[in-house]
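What follows is a single structure, written as structure tokens, with notes after it.
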Amino acid sequence: MKVGFMLGTLVLVALMFLHEWPRIRQAKKKEKVVFLVLLSLGTILAMVLIWKPDLPGPTQMIDHMYEPLGRMLEK
Numbered sequence: 821m822k823v824g825f826m827l828g829t830l831v832l833v834a835l836m837f838l839h840e841w842p843r844i845r846q847a848k849k850k851e852k853v854v855f856l857v858l859l860s861l862g863t864i865l866a867m868v869l870i871w872k873p874d875l876p877g878p879t880q881m882i883d884h885m886y887e888p889l890g891r892m893l894e895k
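In the numbering used here, the protein residues as written are 821 to 895.
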């Protein structure tokens, strides 16, 4: 099941790449690099979340960081 979701995600990423890449002009090399980096990071994050869906999110990290401050303010 996870492999199917991963393959589906890769197909969607490939379609996004094929749709957007020709629209970026040849002179815009920095934009192409940024596009590839963001697309790659998003794809990696999607794969990790498909493989391990119970990973903590950013709000849980913020809650953990500010928990001592919250306890101090309650006193």
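Every residue gets a Cβ at the ideal spot worked out from N, C-alpha and C, and that includes glycine.
For the alpha helix (DSSP H) that residue 852 lies in, which residues bound it at each end? The residue labelled residue 852 in the question sits at position 32 within the sequence shown. Its alpha helix (DSSP H) spans residues 849–871.
Through-space distance from residue 882 to residue 824, alpha-carbon basis: Walking along the sequence shown from the start, residue 824 turns up at place 4. Walking along the sequence shown from the start, residue 882 turns up at place 62. If I take the Cα positions, the gap works out to 33 angstroms.
Between residue 833 and residue 879, is the Cβ-Cβ spacing less than 7 angstroms? In the sequence shown, residue 833 corresponds to position 13, counting from 1. In the sequence shown, residue 879 corresponds to position 59, counting from 1. No. Outside cutoff.
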